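This report refers to the structure that appears directly beneath it.
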Amino acid sequence: MSDPFHIAARALRSGRRNCADCGVRFQLSHEATGEVEYCDACRTRRARLIERLADKFHLIPKEAVPIPRADANNLQKCADCGKEFQPNARGMPLDHCCEECHGKRMNLVDNIALQTFKGWHSTEKPKERAKAKRLWRYALIIAAIGGALWFAAPPARKAYHGWREKKHFARATAYFAKGDYRRSMIDARNTLVFNWDNTEAIRMMAKTCEALHSPQALEWRARFAQLVPNDLENSLGWAAAAIRAGDYPSADRILKQIPYADHDTATFHHLSALLALNRRDSIKAEYHWAEAAKLNPADDGYKLNMAALRLKLGSASERTNALDLLGQLSVSSKERLPAMRALLSDAIRHGEHAHARQLAIALAEDQKDQKALFSDKLLRLATLNILQDPDFPIWRARLEAESADRPESAYELLIWMNRNGFAKDVPALIPKLKQEDIMRPPLSIAVADSYAVLRDWSNLQKLLKAAKWGNMDYVRLATLAWALQNSEDRNGAASMWKNALNAAESRLERMETLARSAISWGWNDRAEEALWKITAFSVQSPTWVLQALWNRTLQRGDTDKLRTIARLMLQANPKGVTARNNYIFLSLLKRTEEGAPHLAAETLYKENPTNPTVVSTYGLSLFLLGRARAAEEVMETLQPAQLREPSLAFYYGIFLAGAKRGAKAQEYFQLAEKIYRLLPEEQALKDRVLQKAPAPPPKKAPSRPQPADK
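All residue numbers for the sequence shown refer to the working numbering, where the first residue is 4 and numbers rise by one.
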């Protein structure tokens with residue numbers, strides 16, 4: 004059997020070798036001799052082992068006894084066997100033995116070392132050694148592949164997601180062009196799965212929802228505005244979606260954020276006209292539609308809107324001209340259907356029932372070039388209901404059957420039924436609808452609205468707990484909170500309302516929706532909570548929010564919060580006279596020096612010396628500075644009729660009482676008590692001045708007539 008310590012040496016050709024004991028490769032030193040070499044660590048261990056073995060087996064005497072020399076030829080006596088021998092150059096310092104005993108020693112050391120230092124190059128188990136090598140090699144390969152995948156996976160995944168994103172968006176665009184809006188919505192949603200911030204996919208979702216008349220269009224437009232704030236097309240679409248949803252204050256705010264340079268567009272003027280019409284400002288509405296018609300004369304829609312407006316508000320001659328124009332548009336224009344709708348509304352308004360019925364039937368019939376819209380069929384149903392036509396039940400049953408598998412149409416039908424006194428018939432219609440459609444918007448919203456109108460809180464809770472409203476889930480949670488509140492579950496309502504606020508907290512339009520919902524429900528505490536959260540979104544809070552907070556806080560008489568709201572109003576409109584005056588007035592009333600209210604009151608008065616509320620605020624400033632007579636003189640610059648207005652009469656009475664004219668002050672206090680509700684600080688001010696003012700002289704009792712002399 005080969006010596007295990009010589010295997011590695013025979014296999015190596017270079018200066019690097021594998022240690023015969025541990026198998027570690029090492030650099031062979033230049034001083035090494037012989038065929039076998041070990042690494043430094045194993046060589047040290049071998050030397051120590053030899054010393055321990057020699058000591059254990061008494062190969063070397065414990066005491067250093069000089070070995071006698073046999074003769075002059077330098078013979079030595081073997082320490083093991085006692086024979087004499089001639090030393091040679093190969094002997095080790097510890098040998099002191101003959102060559103035969105030296106061989107025995109080394110064999111003993113090699114056998115023990117073989118058992119102690121079994122390494123990779125041991126000849127005992129060559130198969131196991133080869134298997135271990137293969138395992139190590141495979142492990143290194145797997146580790147290398149894993150490391151490569153670890154670094155290559157994110158780019159590969161990103162490239163794959165990008166490919167899927169483009170594929171789904173291309174399909175969504177193609178479906179939208181074909182008019183297949185439902186499939187377009189599905190692929191647009193799939194696009195957003197791979198990239199939630201894909202603005203074009205968000206725009207596609209908004210357009211698809213608008214085509215399907217879904218209220219979620221407002222959400223998608225708002226989402227796009229977060230990513231691209233200054234996109235004109237989206238801003239106009241966002242305002243239009245808000246108007247369709249009935250959220251006119253939000254639409255007004257959106258249009259005001261559009262730069263003035265972009266106002267010169269037909270769409271902007273059209274939306275501005277709709278806002279003016281909502282404010283009952285027909286003159287401004289007509290102006291905006293006239294401007295829109297100038298900017299885009301090819302669009303007959305603006306002419307149609309002006310004609311429809313003149314039908315309602317114009318004189319007899321203007322109505323005749325408008326009817327002629329609408330008649331022309333209803334025959335040969337792309338605005339045929341809107342023109343017919345305007346004519347139908349005019350016929351109903353003027354009691355022309357036969358003509359109205361004829362127009363409604365024509366609207367609901369399919370044409371050669373296009374099918375009738377479900378909204379026009381619903382308009383025919385509304386007309387039959389107004390006319391109390393016997394065909395109403397037949398046509399309603401037809402629409403119920405037609406909308407059973409079309410959730411968007413069913414949504415329109417149920418909303419119309421809820422608004423026109425037919426909510427009681429909705430529960431009988433629900434089993435005819437698909438269950439999966441009832442569990443998601445928009446149909447789920449209409450069904451929930453029906454239960455709310457019927458005050459069926461139990462079924463409303465069941466529906467809302469099972470439904471999935473997606474992006475509108477915050478509305479579902481708020482509606483569920485309201486249902487729990489009406490079911491006397493106060494704790495559950497509070498918890499659910501908190502969840503709704505958390506779901507909407509990062510989005511201004513969502514919080515506004517919650518506030519409007521709570522206001523419409525009459526849930527004042529929750530409405531005010533949502534309104535205050537809206538004020539935290541930006542420095543310039545929406546006007547309607549601040550006005551709603553002002554009205555509710557004024558009813559409670561909370562002067563501190565009124566002043567906070569006045570500060571927010573001032574931040575939203577720093578140059579507004581009313582906002583400046585309210586903040587100065589409340590600061591004076593609270594006797595605070597923050598903002599130098601006395602100086603601010605004087606400055607505002609000099610800028611607006613004829614404004615009655617500004618005059619009264621400046622008078623209050625003078626009165627608090629101890630100049631009651633000067634305050635009275637300032638108030639007397641107003642007209643006598645203005646001084647008799649309740650809010651002004653109260654402060655004029657205060658100044659009169661402070662000037663020791665209590666009798667006249669009482670007259671104005673009585674005028675104020677009829678309508679004007681005093682804040683706590685105002686009541687305290689009145690009590691103080693009345694205590695200081697002299698009591699008015701008692702009225703003389705009428706003298707009794709003397710009896711006639713008999």
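Glycine included, every Cβ here is placed at the ideal spot set by N, Cα and C.
If you're wondering where the values come from, they're calculated on a predicted model, not measured in any experiment.
Nearest neighbour of residue i, chosen from the options [CA to CA]
| i | options | result |
| --- | --- | --- |
| Arg-282 | Glu-531, Asp-349, Ala-451 and Gly-249 | Gly-249 |
| Ile-568 | Arg-559, Ile-389 and Asn-585 | Asn-585 |
| Asn-527 | Tyr-141, Thr-546 and Asn-554 | Asn-554 |
| Glu-403 | Asn-388, Ile-433 and Gln-391 | Ile-433 |
| Arg-313 | Ala-345, Lys-297 and Glu-338 | Ala-345 |
| Thr-194 | Tyr-184, Lys-181, Ala-180 and Ala-175 | Ala-175 |
| Lys-667 | Arg-680, Arg-647 and Ala-159 | Arg-647 |
| Arg-49 | Met-109, Leu-390 and Cys-84 | Met-109 |
| Glu-532 | Ala-173, Val-542 and Asn-505 | Asn-505 |
| Glu-294 | Phe-271, Leu-316 and Lys-315 | Phe-271 |
| Ala-400 | Ser-498, Leu-384 and Lys-259 | Leu-384 |
Distance CB(residue i)-CB(residue j) smaller than 8 Å
| i | j | result |
| --- | --- | --- |
| Tyr-477 | Leu-511 | no |
| Asp-460 | Ala-484 | According to the sequence shown, residue 460 is Trp rather than Asp. No, the Cβ-Cβ distance between Trp-460 and Ala-484 is not below 8 Å. |
| Leu-307 | Ala-342 | yes |
| Leu-340 | Asp-303 | no |
| Gly-598 | Phe-626 | no |
| Arg-256 | Trp-241 | no |
| Ala-521 | Ala-530 | yes |
| Gln-645 | Leu-651 | yes |
| Gln-464 | Ala-496 | no |
| Ser-453 | Leu-416 | no |
| Ala-310 | Leu-328 | yes |
| Phe-653 | Ala-675 | yes |
| Ala-413 | Leu-436 | yes |
| Met-572 | Ile-537 | no |
Same chain, Cβ closer than 6 Å to residue i, five either side skipped, listed in chain order
| i | result |
| --- | --- |
| Pro-444 | Trp-472 and Met-475 |
| Pro-410 | Asp-440 and Leu-446 |
| Cys-101 | Cys-81, Lys-86 and Phe-88 |
| Val-542 | Gln-574 |
| Phe-588 | Thr-620 |
| Ala-75 | Annotation note: pLDDT 46 at Ala-75 (below 50); position unreliable, no value reported. |
| Cys-84 | Cys-104 |
| Ile-261 | Ser-238 |
| Lys-65 | Low local confidence applies: a pLDDT of 40 at Lys-65 is under 50, so the model's placement there is unreliable, and no value is given. |
| Phe-672 | Gly-656 |
| Asn-324 | none |
Bridge partner(s) assigned by DSSP for residue i
| i | result |
| --- | --- |
| Lys-80 | Glu-87 |
Same chain, Cβ closer than 7 Å to residue i, neighbours up to 5 away in sequence not counted
| i | result |
| --- | --- |
| Ala-503 | Tyr-477, Leu-480, Ala-481, Ala-484 and Leu-517 |
| Thr-556 | Lys-564, Leu-565 and Ile-568 |
| Asp-394 | Leu-387 |
| Leu-693 | Ala-660 |
| Ala-220 | Ala-209, Cys-212, Glu-213 and Ala-244 |
| Lys-287 | Ala-279 |
| Asn-611 | Val-580 and Val-617 |
| Thr-595 | none |
| Ala-67 | Confidence at Ala-67 is low in this model, with a pLDDT of 38, below 50, so its placement is unreliable and no value can be given for it. |
| Ala-633 | Leu-625 |
| Met-442 | Ala-469, Ala-470 and Lys-471 |
| Asp-712 | For Asp-712, the predicted structure reports a pLDDT of 38, less than 50, and the residue's modelled location is therefore unreliable. A value from the coordinates is still provided. Cβ within range, chain order: n/a, list empty. |
Neighbourhood of residue i by C-beta, 8 Å cutoff - its chain only, sequence neighbours within 5 removed
| i | result |
| --- | --- |
| Leu-78 | Arg-72, Glu-87, Phe-88 and Gln-89 |
| Leu-2 | Since the first residue shown for the chain is 4 and the last is 713, residue 2 is missing from the structure and cannot be characterised. |
| Phe-227 | Thr-202, Ile-205, Arg-206, Ala-209, Asp-234, Asn-237 and Trp-241 |
| Leu-607 | Val-580, Arg-583, Asn-584, Ile-587, Val-617, Thr-620 and Tyr-621 |
| Tyr-368 | Reading off the sequence shown, one finds Glu at residue 368, where the question assumed Tyr. So the list reads Ala-375, once near-sequence residues are dropped. |
The ligand MG heavy atom lying under 7 Å from the CB of residue i
| i | result |
| --- | --- |
| Ala-497 | Here there are no bound small molecules, and the ligand MG is not part of this structure. |
Extract the residue ranges of the alpha helix (DSSP H) inside the segment 539–568, only unbroken runs of 4 or more that lie entirely within it. 546–559
Could you pull out every unbroken beta strand (DSSP E) segment of at least 3 residues lying fully inside the segment 165–229, listed in chain order? Listed in chain order, nothing qualifies, since the segment 165–229 has no complete beta strand (DSSP E) run of 3 or more residues.
Alpha helix (DSSP H) runs contained entirely in the segment 640–673, provided each spans 4 or more residues: Correct list: 643–646 and 649–661.
May I have a chain-ordered list of the alpha helix (DSSP H) segments no shorter than 4 residues that lie completely inside the segment 257–309? Runs found: 269–281 and 285–298.
Length-filtered (4 minimum) alpha helix (DSSP H) runs lying within the segment 337–388: With a minimum length of 4 residues, the continuous alpha helix (DSSP H) runs that stay inside the segment 337–388 are 339–352 and 356–366.
At what residue ranges does the segment 463–493 contain a whole run of the beta strand (DSSP E), taking only runs of 3 or more? none
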